[in-house]
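Here this note's numbering is used: the first residue of the sequence shown is 16, the next is one more, and so on.
Each residue gets a CB set at the ideal place from its N, CA and C atoms; glycine is no exception.
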Amino acid sequence: MYILSFTEAQNHEKSIGSKAKNLSILLNHQLPVPNGFVVTMEAFLRCLEYNQLNMSHIQKFAQILPTMEIPKDIQNILYQKFEELLSTYHSVAVRSSSAAEDLSGASFAGQYDTFLNITTSQDLEDKVRACWASMFTPHVMQYMSEMNLPVTELSMGVIVQGLIHSDVSGVLFSANPITHNPEQVVINASYGLGEAIVSGIVTPDLFIVDKTTRGIQKEAGAKEVKIIASQTGVQTLETSVEEQKSLCLSEPQIHHLADMSSTVEKLYDTPVDIEFGIEQGQIYLLQVRPVTTILSKFQQSIILTEADKQRRPFWIHDDSHFPGAKTPLFASFMIPAFNYGMNKAVNEFAFFASDIELKCEDYYFYQTMTVHTENMAERAKRQQEKMALLFPHLKQNLYQAVEKILLPNYAIFDEARKNELSPKEAENKLKQLLAFYKKAWEIHFQIVIPAEMLNALLGNIYEQLIGKSDPLFIHEQLVGVMNKTLETDRELWKLAKTVKNSSILSAAFARYKAKHLEEELACSTEGRQFLQSLHDMLSIYGYRKADVHEFIGTTWIENPALVLAHIQVLIESGYDFEEEFQQKAAQRQQSYESFIHGLDDSKAKRQFMKLYEYALEGACVRDDHHFYIDAMLTAKTRLFLLHVGTLLVRQAVLKDAEDIFYLYYDEVLKALQHPIPLLGIIEERKREYDESRNKTVPSHYGKIPKEYMENPIIKGMFGSMETEVTDTERTTFRGFAAAKGTYTGTVKVIHRQEDFSKLQKGDVLVCRTTTPAWTILFSSAGAVITDSGGILSHSGIIAREYRIPAVVGTKIATTTLQDGDIVMVNGTDGTVKIVESE
Numbered sequence: 016m017y018i019l020s021f022t023e024a025q026n027h028e029k030s031i032g033s034k035a036k037n038l039s040i041l042l043n044h045q046l047p048v049p050n051g052f053v054v055t056m057e058a059f060l061r062c063l064e065y066n067q068l069n070m071s072h073i074q075k076f077a078q079i080l081p082t083m084e085i086p087k088d089i090q091n092i093l094y095q096k097f098e099e100l101l102s103t104y105h106s107v108a109v110r111s112s113s114a115a116e117d118l119s120g121a122s123f124a125g126q127y128d129t130f131l132n133i134t135t136s137q138d139l140e141d142k143v144r145a146c147w148a149s150m151f152t153p154h155v156m157q158y159m160s161e162m163n164l165p166v167t168e169l170s171m172g173v174i175v176q177g178l179i180h181s182d183v184s185g186v187l188f189s190a191n192p193i194t195h196n197p198e199q200v201v202i203n204a205s206y207g208l209g210e211a212i213v214s215g216i217v218t219p220d221l222f223i224v225d226k227t228t229r230g231i232q233k234e235a236g237a238k239e240v241k242i243i244a245s246q247t248g249v250q251t252l253e254t255s256v257e258e259q260k261s262l263c264l265s266e267p268q269i270h271h272l273a274d275m276s277s278t279v280e281k282l283y284d285t286p287v288d289i290e291f292g293i294e295q296g297q298i299y300l301l302q303v304r305p306v307t308t309i310l311s312k313f314q315q316s317i318i319l320t321e322a323d324k325q326r327r328p329f330w331i332h333d334d335s336h337f338p339g340a341k342t343p344l345f346a347s348f349m350i351p352a353f354n355y356g357m358n359k360a361v362n363e364f365a366f367f368a369s370d371i372e373l374k375c376e377d378y379y380f381y382q383t384m385t386v387h388t389e390n391m392a393e394r395a396k397r398q399q400e401k402m403a404l405l406f407p408h409l410k411q412n413l414y415q416a417v418e419k420i421l422l423p424n425y426a427i428f429d430e431a432r433k434n435e436l437s438p439k440e441a442e443n444k445l446k447q448l449l450a451f452y453k454k455a456w457e458i459h460f461q462i463v464i465p466a467e468m469l470n471a472l473l474g475n476i477y478e479q480l481i482g483k484s485d486p487l488f489i490h491e492q493l494v495g496v497m498n499k500t501l502e503t504d505r506e507l508w509k510l511a512k513t514v515k516n517s518s519i520l521s522a523a524f525a526r527y528k529a530k531h532l533e534e535e536l537a538c539s540t541e542g543r544q545f546l547q548s549l550h551d552m553l554s555i556y557g558y559r560k561a562d563v564h565e566f567i568g569t570t571w572i573e574n575p576a577l578v579l580a581h582i583q584v585l586i587e588s589g590y591d592f593e594e595e596f597q598q599k600a601a602q603r604q605q606s607y608e609s610f611i612h613g614l615d616d617s618k619a620k621r622q623f624m625k626l627y628e629y630a631l632e633g634a635c636v637r638d639d640h641h642f643y644i645d646a647m648l649t650a651k652t653r654l655f656l657l658h659v660g661t662l663l664v665r666q667a668v669l670k671d672a673e674d675i676f677y678l679y680y681d682e683v684l685k686a687l688q689h690p691i692p693l694l695g696i697i698e699e700r701k702r703e704y705d706e707s708r709n710k711t712v713p714s715h716y717g718k719i720p721k722e723y724m725e726n727p728i729i730k731g732m733f734g735s736m737e738t739e740v741t742d743t744e745r746t747t748f749r750g751f752a753a754a755k756g757t758y759t760g761t762v763k764v765i766h767r768q769e770d771f772s773k774l775q776k777g778d779v780l781v782c783r784t785t786t787p788a789w790t791i792l793f794s795s796a797g798a799v800i801t802d803s804g805g806i807l808s809h810s811g812i813i814a815r816e817y818r819i820p821a822v823v824g825t826k827i828a829t830t831t832l833q834d835g836d837i838v839m840v841n842g843t844d845g846t847v848k849i850v851e852s853e
């Protein structure tokens, strides 16, 4: 169809562009919009064909189109619809409407032409051609090229709309565009037609409306001129002194506009900006645009804003659990799941803190909580009563959840990846996935918190028995117990042992880099057998990646070269898993028996022995929950999301399936509902993310509360709130003593998995933090130093398993030390001394 009325245009989105679609939506929801029609993309293509033009002439369109002949069939219907409009309105406005204006990350304000007060058919025809030409001017073409927008694939229309001879016009924002406060409506208004405000030639009145209280802040603008319709076109007049001094809107009009903005905002489910005009007291909506620069309600729920910092004055960078920058889609799943699961658990268990909240700022995660300081005895009593029932069943409860909830849900999303999904199916599966993510993290905290509380209770009883505190003692009594992390290491060690026992495999592993090994191994019978063993191992242990709390980065099962590199490290290290594991178990048993035999019989001793039995049985829980939830949930979700990303690539929304990770959850849903290219916003987010990865972010916002500094559990979770540097030259610095012993060696600073090969046997591993994918390095390292974490962090736990000294939570290790430095690591007192600087 060459021309569509506003009422029917909504159903032809690809033929009419953004502005026209939005006007059609408003009109079909009985909102006050001046009537009109749209000249469609089909009409434009028909005119090109009639004039023997096509998209190969696109660079000349700006010169050719203003004089292009419009064929009679289109001309006749254009004139007919125009005359019908003139029976209601004195004149019309003509505006471009391009699909490019819908592209997130691209702003076309001022790029396309608008013409007002058109009264004749010939003038209308000229202005339609001018609108077409304005879509292909050099500055628009350059802008679209810079934003990676496909010019030839965009649809466009031209709006012809009855002109409201506005006494007052303005622009309204349903959320404050400066502060991003969603509870404030901001209105700019001035006399005459709205082009005076849009073009910036007047200083308008400013009104800010509080949606809750309906209070109005008012600030008069100069309103220097006004644009009005004349007999031919428009004219600009100076406003009178009285007009300049007076506010152009009454309070009832302001409230009416605010109410209308709320209606439109609900319609779009996102903040909007609206151009309006008022003629003889009647308000008309002239344009509406969803505002992508203002956070949606979903994004407000996960992004840390200045309003959040005023609401809750202290936020700490949670680099212990979520190190590094996080992509928008990972934040979209992780933050709601963490907040839901954690708060449900802490409320149930009468935890030391409540109202725990995780949010994201500049791609980094920050956390806050309310730490309880009153009625702690009563809270502890309630907590122990609830926990006592769980202590004997920690492992059983985890594996019931694994078998009944986690694995069946993973199977659902694995199955969904096997088939091509429709957009609606993908949308439904994403909603199901977010609900499952929340459930998985509910399980996470229902399992982990009792396990940590059991260890803490053991520590308290130990202090009663001995008369002094030793935070590491309890954790040292829980090493040498098989878990999924150690199982994975054992399987890698077995594969390394297979290589060592074969001259053919040994030669291949010695000669080729990991990325070329798979191809080389496939050339021999032994190699193929080895690869089959590798793939069998990966089918069980391969759903993990270097950064378990991020979707970006390939999993082991996607990229076996990552695992082959680990096997090369094990071959060179000479590490014997079985021997080391048996020694750890024997030493743990000997240490425990020595401790128990040295105690007199008492109620406290018997209680300790009983609780220790529970703790030892459940010692695998910390690593096994990580295997089945943290690591596997991230890996399985990544693979499913890539499947959805592939669908969005087919629909020309994305260039690459991996680009999906740079969108927020609500943006992915909208892209599935309305598939429009999001290339501009993807490029911008990638740039921001890459910049964020390399910058140092604040360790916290606000003054550190006293209760944070004093709470031992918080110290165990986050490490020290402050960094202690013991001399001005930074030759010695301190962290948490996480694994006992002293070691002097050469520093290797490891930032990412690609750096693993730098670490040689006996080097001191220095890093921000570690995850299970880093465990392989502990078989080579002589000691470990980290920036973040406490004694309960992965780095501390694995260092104790591998019996190497560790100092964690130093805050400054990776910025103070460099490759080649010689340091003495004291894992008993938590100090690091620089013996020699490179």
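- Item | Minimum C-alpha distance to Ala646 - residue among Ile675, Glu565 and Tyr723 | Checked all of Ile675, Glu565 and Tyr723; the closest Cα to Ala646 is Glu565.
- Same chain only: Cβ atoms within 8 Å of Leu405, ignoring 5 sequence neighbours per side: Asn412 and Pro465
- Count the other CB atoms within 10 Å of the CB of Gly172; is the residue buried (16 or more) or exposed (fewer)? buried
- Message: I'd like the span of the beta strand (DSSP E) that includes Trp789, first residue to last.
- Response: Looking at the DSSP string, Trp789 is not in any beta strand (DSSP E), and its letter there is neither H nor E.
- Message: Given this structure, state the Cα-to-Cα distance separating Gln126 from Pro713, to the nearest angstrom.
- Response: Residue placement at Gln126 cannot be trusted, given a pLDDT of 43 that sits under 50; the coordinates are not used to answer.
- Task: Report the three-state DSSP secondary structure of Ala273 (helix, strand or coil).
- Result: helix
- Buried or exposed: where does Val850 fall if 16 or more other Cβ atoms within 10 Å of its Cβ makes it buried? exposed
- Taking the continuous alpha helix (DSSP H) assigned at Glu198, which residues delimit it? No alpha helix (DSSP H) holds Glu198; DSSP gives it neither H nor E.
- Where Asn434 falls, given that 16 or more other Cβ within 10 Å makes a residue buried: exposed
- Are the Cβ atoms of Phe188 and Val306 separated by less than 8 Å? yes
- Would you tell me roughly how many angstroms separate the C-alpha atoms of Gln315 and Leu493, rounded to the nearest one? 42 Å
- Item | Burial state of Glu457, where buried means 16 or more other Cβ atoms lie within 10 Å | Classification of Glu457: buried, given that the 10 Å Cβ count is 16 or more.
- Close Cβ partners of Ala352 (< 6 Å) along its chain, the five nearest in sequence each way excluded: Tyr452, Lys453 and Trp456
- Query: Would you say the stretch 461 to 478 touches the stretch 542 to 552, given that touching needs at least three Cβ pairs under 8 Å?
  - Reply: no
- Residue of Val683, Glu722, Gln688 and Tyr677 minimising C-alpha distance to Asp705: Here the closest residue by C-alpha is Tyr677.
- Neighbourhood of Pro486 by C-beta distance below 7 Å, restricted to the same chain and skipping five residues each side: Gly474 and Ile806
- Message: At 3 residues or longer, what runs of the beta strand (DSSP E) sit wholly inside the stretch 821 to 850?
- Response: 821 to 823 and 837 to 841
- Within the stretch 42 to 75, ranges of the beta strand (DSSP E) (whole runs, at least 3 residues): 51 to 54
- Query: Going straight from the alpha carbon of Gln867 to that of Leu507, what length do you get?
  - Reply: Residue 867 is absent from the structure shown; the chain starts at 16 and stops at 853.
- Message: If I measure Cβ to Cβ from Ile813 and keep anything under 6 Å in the same chain, skipping five residues before and after, which residues do I get?
- Response: Thr790 and Phe793
- How about Thr757 and Val840: are their beta carbons less than 8 Å apart? yes
- Message: Taking only three categories from DSSP, how would you classify Asp138?
- Response: helix
- Task: May I have the straight-line CA-CA distance separating Val496 from Leu436, to the nearest angstrom?
- Result: 43 Å
- Message: On the CB-based measure, 16 or more other CB atoms within 10 Å of its CB, does Ile133 come out buried or exposed?
- Response: buried
- Task: Can you check the stretch 641 to 703 for any alpha helix (DSSP H) of at least 4 residues that lies completely inside it and give the ranges in chain order?
- Result: 647 to 665 and 680 to 688
- Any chance the stretch 88 to 108 sits against the stretch 27 to 45, with 3 or more Cβ pairs inside 8 Å? no
- Message: In this structure, how does DSSP classify Ala754 when only helix, strand and coil are distinguished?
- Response: strand
- Message: Report the CB separation of Val49 from Ile179 in whole angstroms; it is logged as a contact under 8 Å.
- Response: According to the sequence as given, residue 49 is Pro; it is not Val. With 8 Å as the limit, Pro49 and Ile179 qualify as a contact, their Cβ atoms being about 5 Å apart.
- Item | Nearest-angstrom Cβ-Cβ length linking Thr184 and Gly292, presumed shorter than 8 Å | With the sequence shown as reference, residue 184 is identified as Ser, and Thr is not the correct amino acid for it. Right, the Cβ-Cβ distance comes to about 5 Å (below 8 Å), so this counts as a contact.
- Query: Span of the alpha helix (DSSP H) holding Thr513?
  - Reply: Lys499 to Lys515
- Message: By DSSP's criteria, Tyr381 is part of a beta bridge. Which residues make up the other side?
- Response: DSSP, once it has assigned bridges, lists His332 and Lys374 as partnering Tyr381.
- Query: For Glu816, which of helix, strand or coil comes out of DSSP?
  - Reply: helix
- Just mark Thr741 as buried or exposed, buried being the case when its beta carbon has 16 or more other beta carbons within 10 Å. With a pLDDT of 49 at Thr741, under the threshold of 50, the modelled position of this residue cannot be trusted; read the value that follows with caution. Thr741 sits exposed, since fewer than 16 C-beta atoms from the chains shown fall within 10 Å of its C-beta.
- Name the DSSP beta bridge partners of Leu549, please? DSSP, once it has assigned bridges, lists no residue as partnering Leu549.
- Task: Note down, in chain order, each residue of its chain lying with its Cβ closer than 6 Å to the Cβ of Pro438, except the 5 sequence neighbours on either side.
- Result: Leu687
- According to the Cβ coordinates, are Leu131 and Glu258 closer than 8 Å? no
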